[in-house]
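Just add 414 to the spot in the sequence shown (first one is 1) and you have this note's numbering. By construction, the Cβ of each residue, glycine as well, lies at the ideal position given by its N, Cα and C atoms. Note that this is a predicted model, so its numbers are computed, not measured. Here the structure comes first, spelled out in structure tokens, and everything after it is commentary.
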Amino acid sequence: MIRDRGSIKWTAMMLPEHVKLLRDWAKEDNDVTKPQLDEQHVDYMNEQIGEAMEIGSEVTITYYEKKRYHLFIGTIHHVDPIKSRLHVVDKFGEASYLPLENILDITG
Numbered sequence: 415m416i417r418d419r420g421s422i423k424w425t426a427m428m429l430p431e432h433v434k435l436l437r438d439w440a441k442e443d444n445d446v447t448k449p450q451l452d453e454q455h456v457d458y459m460n461e462q463i464g465e466a467m468e469i470g471s472e473v474t475i476t477y478y479e480k481k482r483y484h485l486f487i488g489t490i491h492h493v494d495p496i497k498s499r500l501h502v503v504d505k506f507g508e509a510s511y512l513p514l515e516n517i518l519d520i521t522g
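Shown next as structure tokens:
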């Protein structure tokens, strides 16, 4: 079996620009495209938002930001219809705003 250092042995001969392009290419490989939500799922999420605000229960929100999926766990304080965003508070009392168009799922 040949024990080889792989691409490490070639990095000394590569230009810094090439190394940067290869790293950027590897990062882009993990990018996720934003899915389109159907109308039924949007209605379901609206119901979940209403119930969570009324009861004050903790919810898990999946949202899309910077080509990645993120999770937020906390309570929904209110919906800002003018700026189209959700005001949420996490377990530590930190307030955040999530744009409604980036929210993919809400479970409570």
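Residue i, DSSP secondary structure in three states
i    : result
D519 : strand
L436 : helix
D457 : helix
Bridge-paired residues (DSSP) for residue i
i    : result
T474 : I487 and T521
D504 : G488
P513 : R499
E479 : R482
Whole-number beta carbon distance between residue j and residue i, since they are thought to touch under 8 Å
i    : j    : result
L518 : T476 : 5 Å
V433 : Y483 : Not quite, the Cβ-Cβ distance comes to about 28 Å (not below 8 Å), so this is no contact.
Cβ-based burial, residue i [other Cβ within 10 Å; buried from 16]
i    : result
V473 : buried
L500 : buried
V502 : buried
I469 : exposed
A466 : buried
beta-carbon residue i near the ligand HEM non-hydrogen atom, thresh 7 Å
i    : result
L436 : The ligand HEM is not part of this structure, which contains no ligands at all.
Mind the definition here: the region 509-518 touches the region 484-498 only if three or more C-beta pairs lie below 8 Å; say whether that holds. The region 509-518 makes contact with the region 484-498: 3 or more CB pairs, one atom from each, lie closer than 8 Å.
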